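Student: I'd like to ask you about the structure that follows.
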Amino acid sequence: MQTIPPWMDGSPFTIADGRRVGFTAGQLRRKAFERPFHGVRVIGSAGRIDGGLIDRCAALRVVLPAGATFSHATAARIWGMPLPAWLADELHVLVPDRMAVRRAGVVGWRRSGDLRVTVAAHGLPVTTPADTWTLLATMTDARGGRMTRDWLVAIADFLVSGRRTRYGRNPALATRADLEDAVARHASRRGAVALQWAWERVRAPVDSPPETFVRLGLVREGLAEPLVQPPIRTAVGIRHPDLGYLEERVLLEYLGDVHRTDRATWLKDLERVQLFEDAGYRVILLGALDTTPEGIRALSARVRRALRRA
36 MQTIPPWMDG SPFTIADGRR VGFTAGQLRR KAFERPFHGV RVIGSAGRID GGLIDRCAAL
96 RVVLPAGATF SHATAARIWG MPLPAWLADE LHVLVPDRMA VRRAGVVGWR RSGDLRVTVA
156 AHGLPVTTPA DTWTLLATMT DARGGRMTRD WLVAIADFLV SGRRTRYGRN PALATRADLE
216 DAVARHASRR GAVALQWAWE RVRAPVDSPP ETFVRLGLVR EGLAEPLVQP PIRTAVGIRH
276 PDLGYLEERV LLEYLGDVHR TDRATWLKDL ERVQLFEDAG YRVILLGALD TTPEGIRALS
336 ARVRRALRRA
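In short: position in the sequence shown from 1, add 35, done, that's my numbering.
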């Protein structure tokens, strides 16, 4: 078979480019060539990144028109935003001033209005984090999956909080002002009312969507909004619970699956709860079931009883 030019090794290319360097039509149909999209081939592995989202975007990009931008759920995934599991994994692409892209595995959109675009990791053109958030509100069941209002709040909480790691908190991807500006520019498009509703409920710092869902759910059940990560003075210094009612000395701590499967995290959780209780606070532990509609109703009753006892 034709020798692979260095620039092709692991990088996507069009069939036309393959023919130009000497591959025959028959060779380009062989199993050695991956076919991520119609008209696109990949061979070799030197340039591959992860075999997943970034590689798929890079493969599609070689057949996209000039000015095409990754957007909606695809841009959100590139930025590392938390997303609901029900969203489809098709690639979302915006194109300016022309018909939307029509390809298998792609949701095409026409770019309209004042959208901000930047270049993310690996050189991919994407909508900015704030504009990506507004575009999520335009998705429908037939176009990638519908985004709920609570999820819009959870994603915005993530954007203004930054991801928490064992080494501290990463820089926030957007500010409240960035989101407010994006909402204003989105005012005439689908989802504008939901975005305004969500923006008014954005809080920081928040570490996970379930914390957002619990906060919103308690308010929906008629309780006062709990503070997010309020500072609590303990025997070993300031610690921050997920949610809290300071005047009533009631705190809420969400324990996700990692708190169960990671021994170090579990032991740290036990220490935190003990520190809060020793400081005179009642701690209500939460799990995944507490974020469901039925769970929120039961949780609100528990919290209401705890607040009355204070």
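Each residue gets a CB set at the ideal place from its N, CA and C atoms; glycine is no exception. Being a predicted model, the structure only gives us computed values, none of them experimental.
#1: Kindly indicate which three-state DSSP category PRO245 falls into: helix, strand or coil?
#2: Label ASP114 either buried or exposed according to how many other C-beta atoms from any shown protein chain fall within 10 Å of its C-beta, with 16 as the threshold for buried.
#3: What is the DSSP secondary structure of LEU122, reduced to helix, strand or coil?
#4: Report the three-state DSSP secondary structure of ALA81 (helix, strand or coil).
#5: Which residues in the same chain as LEU122 place their Cβ atom closer than 7 Å to its Cβ, once the five residues preceding and following it in sequence are excluded?
#6: Among the residues of its own chain, which have a CB less than 8 Å from the CB of GLU329, if the five just before and after it don't count?
#7: Select from GLY272, ALA120, VAL75 and ALA155 the residue whose C-alpha is nearest the C-alpha of PHE311.
#8: Using only CA atoms, which one of VAL75, GLY61 and ALA101 lies nearest to ALA51?
#9: With DSSP as the reference, identify every bridge partner of TRP232, one or two as the case may be.
#10: Does DSSP put VAL98 in a helix, in a strand, or in coil?
#11: On the criterion of 16 or more Cβ atoms from any shown chain inside 10 Å, does VAL195 qualify as buried, or is it exposed?
#12: Please return the same chain residues whose Cβ sits closer than 8 Å to the Cβ of ARG198, not counting the five positions on each side in sequence.
#13: Out of curiosity, what's the CA-to-CA distance linking LEU159 and ARG220?
#14: If we call anything under 8 Å between Cβ atoms a contact, is ARG284 one with GLY315?
#15: Per DSSP, what are the beta-bridge partners of ARG145 in this structure?
#16: Among ALA120, ARG145, THR300 and THR269, which one has its Cα closest to the Cα of ASP132?
#17: Tell me the residue span of the beta strand (DSSP E) that contains ARG274.
#18: In this structure, does DSSP put VAL56 in helix, strand or coil?
#19: From the DSSP output, read off the bridge partner residues of ARG317.
Tutor: This is what the structure holds:
#1: By 1-based counting over the sequence shown, the position of residue 245 is 210. In the three-state scheme derived from DSSP, where H, G and I count as helix and E and B as strand, PRO245 is classed as helix.
#2: Here residue 114 refers to the residue found at position 79 of the sequence shown. First, the amino acid is wrong: residue 114 is Trp here, not Asp. When all chains shown are included, TRP114 counts as buried.
#3: Locating residue 122 in the sequence shown gives position 87, where the first residue counts as 1. The three-state secondary structure of LEU122, taken from DSSP, is coil.
#4: Here residue 81 refers to the residue found at position 46 when the sequence shown is read from its first residue. No answer about ALA81 holds up, because its pLDDT of 49 lies below 50 and its placement is not dependable.
#5: Walking along the sequence shown from the start, residue 122 turns up at place 87. For LEU122, where only same-chain residues beyond five positions count, the Cβ hits under 7 Å are ALA108, GLY179 and GLY180.
#6: Translated into positions along the sequence shown, residue 329 becomes position 294. Closer than 8 Å at the Cβ level, and outside the excluded window around GLU329, lies no residue.
#7: Here residue 311 refers to the residue found at position 276 when the sequence shown is read from its first residue. The residue with the shortest Cα to Cα distance from PHE311 is GLY272.
#8: Indexing the sequence shown from 1 puts residue 51 at position 16. The shortest Cα separation from ALA51 among VAL75, GLY61 and ALA101 belongs to VAL75.
#9: Counted from its first residue, the sequence shown places residue 232 at position 197. BP columns for TRP232 are empty, so no partner.
#10: Residue mapping note: residue 98 aligns to position 63 of the sequence shown, counting from 1. Of the three classes helix, strand and coil, the one that applies to VAL98 here is coil, per DSSP.
#11: Against the sequence shown, residue 195 aligns to sequence position 160. Classification of VAL195: buried, given that the 10 Å Cβ count is 16 or more.
#12: Position 163 of the sequence shown, counting from 1, holds the residue named residue 198. Taken in chain order, the residues that qualify are GLY115, ARG204 and ASN205.
#13: Counting from 1 along the sequence shown, the entry for residue 159 is found at position 124. Counting from 1 along the sequence shown, the entry for residue 220 is found at position 185. Approximately 23 Å, taken between the alpha carbons.
#14: Your numbering for residue 284 matches position 249 in the sequence shown. Your numbering for residue 315 matches position 280 in the sequence shown. For ARG284 and GLY315, yes; Cβs fall inside 8 Å.
#15: Locating residue 145 in the sequence shown gives position 110, counting from the first residue. Within the DSSP secondary-structure output, ARG145 pairs in a beta bridge with VAL130.
#16: Locating residue 132 in the sequence shown gives position 97, where the first residue counts as 1. Per the C-alpha coordinates, the member of ALA120, ARG145, THR300 and THR269 positioned closest to ASP132 is ARG145.
#17: Translated into the one-based positions of the sequence shown, residue 274 becomes position 239. Where ARG274 is concerned, the enclosing beta strand (DSSP E) stretches over 272 to 274.
#18: On the sequence shown, residue 56 is found 21 positions in, with the first residue counted as 1. Of the three classes helix, strand and coil, the one that applies to VAL56 here is coil, per DSSP.
#19: What you label residue 317 is simply residue 282 of the sequence shown in a count that begins at 1. VAL285.
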